[in-house]
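>
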Amino acid sequence: MSLRESEIKSGPACTTVSLGNYRFSDPPDPSKWADCVHCGMCLESCPTYEQTGQEQHSPRGRVHLMKSVGEGKLEITEDLIDPIFTCLDCRACTTACPADVDVGGLIEQVRGQIRQAIPLTGWKALVSDFFLKGVFPYPSRLHLLGSLLKLYQKSGLQTFARKAKLLRMMPKHLAEMEAILPEVGVPVRKKYKHTNVIKAKGETKHTVALLTGCVMDVMFSDINEATIRVLTRNGNDVVIPQNQTCCGALHVHAGDRETGRRLAKQNIEAFRHVDRVIVNAAGCGCMLKEYPELFRDDPEWHEKAEQFAQKVEDISKYLHDTGYDKPKTELNMRITYHDACHLAHGQGIRQEPRALLTSIPGVEMVAMPNADRCCGSAGIYNLTHPEMAGAVLESKMEHVPQDVELISMGNPGCMLQMALGVMKYGRNQKVVHTVQILDWAYQKEEGKEVRI
Amino acid sequence: MRKTAIQTKDPHIQALARIVGGEKSILYKKEDLIAYDCDGFTVHRHLPKAVVFPKNTEEVAAIVKYCHDHDLPFLARGAGTGLSGGAIPLNGEVVISLTRMKRLLHVDLENRRAVVEPGFVNLKLTNSIADRGYYYAPDPSSQYCCTIGGNVAENAGGAHCLKYGVTTNHILGLEVVLPNGEIIEIGENGIPDPPGYDLLGLLTGSEGTLGIVTKITVRILKNPEAKQTVLAYFDRVEDASQAVSDIISAGMVPAALEMMDQTAIEGVEAAAFPVGHPKDIEALLLIEVDGISAGISEQINEILHICKKRNVREVKVAQSEEERARWWANRKTGFSAMGAISPDYLVQDGVIPRNKLPEVLKNIRAISKKYGLRIANIFHAGDGNLHPLVLFDARKPGETERALAAGSECLQVCAAVGGSITGEHGVGIEKKEEMRFIFSDEEIVAQTDIRDVFNPKNLLNAGKLFPTPGRCVEMKQVASSIK
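Residue numbers (the UniProt record's numbering), protein chains in the order written: chain W, 1 to 452; chain C, 1 to 483.
Dropping the structure here:
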């Protein structure tokens with residue numbers, strides 16, 4: 001008997017348990033769909049149902065579909081891909097659901113099964129492998145890509161490409177994306193490579209680690225800089241563990257849970273010696289907090305992931321909860337706030353960023369109706385599903401107040417998408433990260449000239 | 001969204017696709033159809049032949065005419081939140097989904113009416129006119145997502161229907177596609193109560209068996225000047241129901257008078273919108289009064305006095321709109337909240353004379369015991385509309401059947417005390433056999449005769465609302481008509 005027990009314990013950490021027609025390891029968790037009573041309260045919360053009016057593109061319909069596969073009533077076929085992958089994974093349904101059904105978690109687990117049963121082929125596989133497996137997990141390659149982008153922007157190539165109308169050769173949605181790419185700076189990971197600790201200004205109250213993020217650090221290193229300035233200004237020593245990596249959210253959203261687990265392990269190790277992991281990208285923060293989901297069949301790593309998740313906090317909530325200096329100089333601006341899905345629905349953080357903004361003297365907040373409606377960015381959804389992402393963006397932009405100067409939010413993906421919306425619909429707002437506004441307020445207080 | 005062309009040789013599907021303008025407006029693959037195999041009533045499931053998404057009345061009429069001419073069964077569907085199975089394609093119907101006909105066409109504040117398409121969501125109407133001080137009164141708990149077209153079909157009620165009446169009291173006009181494809185208008189220009197038979201009344205609540213509504217003129221109301229909400233916790237359910245009777249017999253007509261029992265409270269407190277109700281009380285009452293400001297506080301005082309007289313443990317008045325909204329969100333998501341304490345539930349919809357409540361609840365407890373299934377009760381207490389929620393697990397063999405039997409027995413109890421088997425959810429598939437608890441065979445035939453005037457081929461939503469023929473009179477009629 002005892003022999004048997006030890007056999008079980010020394011067995012493979014990931015067991016191959018199949019469930020209905022889910023035949024690979026790590027199948028979806030049936031207790032998640034057991035909570036769904038098919039009431040339909042989720043319907044109106046779902047952007048893809050709003051666009052199509054079709055229930056296979058609604059949370060309830062998708063849950064029903066995923067359950068049918070689990071009960072062996074439906075096979076995993078090509079035709080399952082459309083309903084399951086058209087989901088934005090925005091989690092608005094999780095907020096709406098009276099029974100707390102974790103639709104997002106189910107979608108990610110089922111995508112994992114579909115991608116194993118029907119691997120990507122052709123150019124889609126090439127592009128996906130290149131970016132998700134070849135670039136994002138490797139900071140040096142990401143930085144190289146950033147440098148190339150910078151070269152493109154600074155060498156005159158961008159001006160040439162735009163003037164020569166070369167961009168017309170690209171698919172429309174990619175050309176649109178090119179137009180709103182921010183100016184690339186120096187990634188903070190690179191900048192602070194040889195700095196062990198970025199010291200707090202004044203007395204050190206806490207020590208925190210910063211997740212620099214992959215896209216964030218290449219496209220929006222200025223936001224990472226602002227985050228560091230705001231943290232140090234408020235008595236935080238900041239460390240940037242150099243062996244950290246991409247959070248894996250894009251991989252998990254795309255169904256590549258194996259790579260997701262690999263990246264998760266690397267991050268859990270990288271941040272082992274710190275008590276607090278501060279994140280300024282909502283998508284990444286949500287993923288880090290959900291690492292335990294990836295290790296349901298692996299008690300040892302599940303435990304580590306649980307401990308790790310406890311340490312993770314979004315910058316806005318961290319500042320709000322631990323206290324921060326209220327800026328004293330006026331920043332006279334009209335600002336509206338957009339809830340990033342993975343901040344509001346994913347992490348339940350809604351009031352904290354708004355509180356940060358309203359604590360700045362002179363800031364006038366203008367409420368955005370349906371502020372927690374997805375903008376259509378959804379990781380790389382705007383690249384994989386441009387048509388739907390465009391439609392979702394269009395209805396988002398209808399709700400953005402006209403008479404504001406800034407649209408504030410807490411996620412880089414949303415920032416790119418909302419900037420696209422501003423450009424596409426001829427609006428004149430500037431899209432900024434919440435922490436940037438706080439940073440400007442501090443800078444102004446210090447008498448520095450602020451360029452917004 | 002797929003871009004490929006129609007991938008089937010089925011000529012009907014190709015023809016229907018042509019009517020609605022292509023593959024983005026029709027579903028016909030199993031993976032897509034599964035989402036349509038049931039509505040909010042999940043016990044019966046059946047795949048439709050196809051789902052079509054018309055954009056306007058003309059397309060609806062063309063689809064209906066095609067189905068009529070080719071003897072294809074068909075039915076209409078809104079958000080599919082119905083609780084009696086009215087939108088389930090029992091016969092492999094062509095489902096006509098009206099979710100893309102979702103415009104608010106016209107608001108006429110002066111005459112207090114609005115015109116909407118059938119796929120327009122109930123709550124959106126109130127949201128669209130709230131800033132001007134108006135609202136749409138019928139408020140089914142699913143109002144966040146259910147459509148007004150579906151409300152008309154089911155004659156939906158809601159918490160505030162005690163004072164303001166159910167859907168039928170708020171419908172001024174309908175545009176209807178008849179089962180042969182003909183388009184008619186009833187109650188033109190929103191003039192209420194036109195001469196002749198009350199066809200609006202007949203169509204409203206006909207559960208999608210007489211025609212498909214494509215445009216609806218509804219009555220809108222001015223927001224009440226004042227509103228107050230009371231929450232009362234009772235140790236004994238008898239005291240709570242006595243308080244209900246006392247409030248009504250004191251001559252008050254609250255806007256809403258809701259009750260939840262202990263199991264229901266356990267559900268809502270375990271779910272997404274908990275309020276912090278104590279779990280050891282037998283019942284709570286949620287009472288709302290509204291109207292002109294003068295007199296509201298007197299009414300509230302009287303209600304508080306009645307609750308105290310009936311041994312209330314704790315009673316409080318909402319101190320803010322935010323608090324009131326929290327109490328209502330907790331109540332209105334009550335059915336869905338059962339998901340948090342049970343994998344499946346079946347909701348019944350009996351109506352009873354208010355003074356029979358303690359007796360009926362006692363009998364329901366006995367049914368619960370008999371079948372070994374928990375039953376929660378959420379109750380529009382003011383108008384005697386009881387919702388026993390039978391909790392079960394469909395994965396356990398035999399449990400679905402036991403739940404159905406328990407539900408049916410609850411309705412028998414309601415009928416036996418002089419009540420009815422449905423207040424607002426409709427008969428659908430769920431309660432069609434129970435129609436025999438309150439109607440004789442002759443009475444049922446009298447009603448199916450009316451259906452046959454509108455729907456002679458019985459292609460539209462067949463197998464709903466009335467018991468299947470095969471017993472007595474209707475069968476004899478069929479036999480005589482063949483001769």
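Where a beta carbon is used, it is the ideal one built from N, C-alpha and C, also for glycine.
1) For the alpha helix (DSSP H) that contains W/L397, what are its first and last residues?
2) For chain W, is any of its Cβ atoms less than 8 Å away from the one on C/A340?
3) Residues of chain W with a CB under 8 Å from the CB of C/S142: which are they?
4) Could you tell me which uninterrupted beta strand (DSSP E) segments, each at least 3 residues in length, are contained entirely in the segment 234-271 of chain W, listed from first to last along the chain?
5) I think C/L285 touches C/A381, with their Cβ atoms under 8 Å apart; what is that distance to the nearest whole Å?
6) Anything in chain C within Cβ reach of W/S68, meaning under 8 Å, just list it in chain order.
7) Starting from the beta carbon of C/H103, find every residue of chain W whose beta carbon is closer than 8 Å, and list them in chain order.
8) Excluding sequence positions up to five away, which residues of its chain have a Cβ less than 6 Å from the Cβ of W/C42?
9) Give me the chain W residues within the contact set of C/R100, using Cβ-Cβ distance strictly less than 7 Å, ordered along the chain.
10) Determine the extent of the beta strand (DSSP E) in which C/Q228 is found, giving its start and end residues.
11) So, C/G201 versus C/P194, is the Cβ gap smaller than 8 Å?
12) Report the CB separation of C/G92 from C/E154 in whole angstroms; it is logged as a contact under 8 Å.
13) Give the single residue among W/G146, W/K124 and W/F160 whose Cα lies nearest to the Cα of W/T190.
14) With a 10 Å radius around its C-beta and 16 neighbouring C-beta atoms as the bar for buried, classify W/V197 as buried or exposed.
15) Thinking residue 487 of chain C and C/E434 are a contact (beta carbons under 8 Å), I'd like their distance in whole angstroms, please.
16) Who are the neighbours of residue 458 of chain W on chain C, taking C-beta pairs under 9 Å?
17) Can you tell me which residues form a DSSP beta bridge with C/F392?
18) Once DSSP output is grouped into helix, strand and coil, what is the label at W/L3?
19) Give the residues of chain W in contact with C/Y345, contact being defined as C-beta atoms less than 9 Å apart.
20) Tell me the rounded alpha-carbon separation between C/K9 and C/N180.
21) To the nearest angstrom, report how far apart W/V363 and C/Q299 are at their CA atoms.
22) At a Cβ cut of 8 Å, what residues of the segment 99-130 of chain W count as close to chain C, listed as they run along the chain?
23) What three-state label does DSSP hand C/I378 in the structure shown?
24) With a cut-off of 8 Å, does the C-beta of W/H433 fall near any C-beta of chain C?
25) Express the C-alpha separation of W/K444 and W/L331 in angstroms, rounding to a whole number.
26) State yes or no: is the C-beta of C/R436 within less than 8 Å of the C-beta of C/T209?
27) Give the interface partners of W/P412 over in chain C, defined as CB-CB distance under 7 Å, in chain order.
28) Check whether the segment 253-266 of chain W touches the segment 281-300 of chain W, taking contact to mean three or more Cβ pairs, one atom from each stretch, closer than 8 Å.
29) Can you confirm whether W/H64, when its beta carbon is compared against all beta carbons of chain C, has any partner nearer than 8 Å?
30) Starting from C/E399 and walking both ways along the alpha helix (DSSP H), at which residues does that stretch end?
31) Verify the CB distance criterion: does W/D439 have a CB-CB separation below 8 Å to chain C?
32) Would you list the one or two residues that DSSP bridges to C/S249?
33) At a cut of 8 Å, does the segment 399-407 of chain W reach the segment 315-335 of chain W through at least three beta carbon pairs?
34) Would you mind sorting C/S297 into buried or exposed? The rule is 16 or more other CB atoms within 10 Å of its CB.
35) How many Å lie between C/I216 and C/V116 at the Cα?
36) Can you name, in chain order, every residue of its own chain whose Cβ lies under 8 Å from the Cβ of C/V268, other than the five neighbours on each side?
In brief:
1) Taking the first residue of the first sequence as 1, we reach residue 397 of chain W at position 397. In the sequence on display, residue 397 of chain W carries Met and not Leu. Looking at the DSSP string, the run of the alpha helix (DSSP H) that includes W/M397 is P386 to E398.
2) Position 340 of the second sequence, counted from the start, is the residue given in the question as residue 340 of chain C. With 8 Å as the cut-off, C/A340 counts as an interface residue toward chain W.
3) As a first step, residue 142 of chain C must be located in the second sequence, where it is residue number 142. Listed along chain W are C39, G40 and M41, each with a C-beta nearer than 8 Å to that of C/S142.
4) 236-239
5) Within the second sequence, the letter at position 285 stands for residue 285 of chain C. Within the second sequence, the letter at position 381 stands for residue 381 of chain C. So it is a contact: roughly 7 Å between Cβ atoms.
6) Taking the first sequence and counting its residues from 1, the one referred to as residue 68 of chain W is at position 68. Within 8 Å Cβ-Cβ: I34.
7) The count along the second sequence starts at 1 and reaches residue 103 of chain C at position 103. In the sequence as presented, His is not what sits at residue 103 of chain C; that position holds Arg. None at all; the shortest Cβ gap to chain W is about 12 Å.
8) Position 42 of the first sequence, counting from 1, holds the residue named residue 42 of chain W. Result list for W/C42: P59, R60, C93, A96 and C97, in chain order.
9) As a position in the second sequence, residue 100 of chain C is number 100, starting the count at 1. Within 7 Å Cβ-Cβ: G53.
10) Taking the first residue of the second sequence as 1, we reach residue 228 of chain C at position 228. Note, C/Q228: beta strand (DSSP E), A226 to F234.
11) The residue you call residue 201 of chain C lines up with position 201 of the second sequence. The residue you call residue 194 of chain C lines up with position 194 of the second sequence. Contact flag unset, no.
12) Along the second sequence, one-based indexing puts residue 92 of chain C at 92. Along the second sequence, one-based indexing puts residue 154 of chain C at 154. The pair is not a contact, with the Cβ atoms about 22 Å apart (cut-off 8 Å).
13) To locate residue 190 of chain W, count along the first sequence from 1; it is residue 190. Going by the sequence as given, residue 190 of chain W is Lys instead of Thr. The option with the nearest alpha carbon to W/K190 is W/G146.
14) In the first sequence, the residue the question calls residue 197 of chain W occupies position 197. With fewer than 16 Cβ atoms within 10 Å of its Cβ, W/V197 is classed as exposed.
15) The displayed coordinates of chain C run from 1 to 483. Any statement about residue 487 of chain C would go beyond what the structure contains.
16) In this structure chain W extends from 1 to 452, so residue 458 of chain W is not present and cannot be described.
17) What you label residue 392 of chain C is simply residue 392 of the second sequence in a count that begins at 1. Answer is C/D344.
18) Here residue 3 of chain W corresponds to residue number 3 of the first sequence, with the count starting at 1. Residue confidence is low: W/L3 scores 41 on pLDDT, short of 50, so the model does not pin down where it sits. No coordinate-derived value is stated.
19) Locating residue 345 of chain C in the second sequence gives position 345, where the first residue counts as 1. Within 9 Å Cβ-Cβ: V37.
20) On the second sequence, position 9 is the one that residue 9 of chain C refers to. On the second sequence, position 180 is the one that residue 180 of chain C refers to. Taking the straight line joining both Cα atoms gives about 26 Å.
21) On the first sequence, position 363 is the one that residue 363 of chain W refers to. On the second sequence, position 299 is the one that residue 299 of chain C refers to. One C-alpha to the other measures close to 44 Å.
22) A99, D100 and V101
23) The residue given as residue 378 of chain C occupies position 378 in the second sequence. Correct three-state label for C/I378: strand.
24) Start at 1 with the first residue of the first sequence, and residue 433 of chain W comes out as number 433. It does not: the Cβ of W/H433 has no partner Cβ on chain C nearer than 8 Å.
25) The sequence position of residue 331 of chain W within the first sequence is 331, counting from 1. The sequence position of residue 444 of chain W within the first sequence is 444, counting from 1. Their backbone Cα atoms lie some 8 Å apart in a straight line.
26) As a working note, residue 436 of chain C is residue 436 in the second sequence. As a working note, residue 209 of chain C is residue 209 in the second sequence. In this structure, C/T209 does not lie closer than 8 Å to C/R436 by Cβ.
27) To locate residue 412 of chain W, count along the first sequence from 1; it is residue 412. None at all; the shortest Cβ gap to chain C is about 26 Å.
28) yes
29) Along the first sequence, one-based indexing puts residue 64 of chain W at 64. Judged by the 8 Å Cβ criterion, W/H64 is in contact with chain C.
30) Here residue 399 of chain C corresponds to residue number 399 of the second sequence, with the count starting at 1. C/E399 -> alpha helix (DSSP H) spans E399 to A416.
31) On the first sequence, residue 439 of chain W is found 439 positions in, with the first residue counted as 1. Closer than 8 Å: no.
32) As a position in the second sequence, residue 249 of chain C is number 249, starting the count at 1. Per DSSP, none; premise fails for C/S249.
33) yes
34) Along the second sequence, read from residue 1 onward, the residue named residue 297 of chain C stands at position 297. Counting every other CB atom within 10 Å of its CB across the protein chains shown gives C/S297 a total below 16, marking it as exposed.
35) As a working mapping, residue 216 of chain C is identified with position 216 in the second sequence. As a working mapping, residue 116 of chain C is identified with position 116 in the second sequence. In this structure, the alpha-carbon of C/I216 lies about 5 Å from that of C/V116.
36) As a position in the second sequence, residue 268 of chain C is number 268, starting the count at 1. Only M260, P274, V275, H277, N330, R331, T333, G334 and A337 meet the Cβ criterion.
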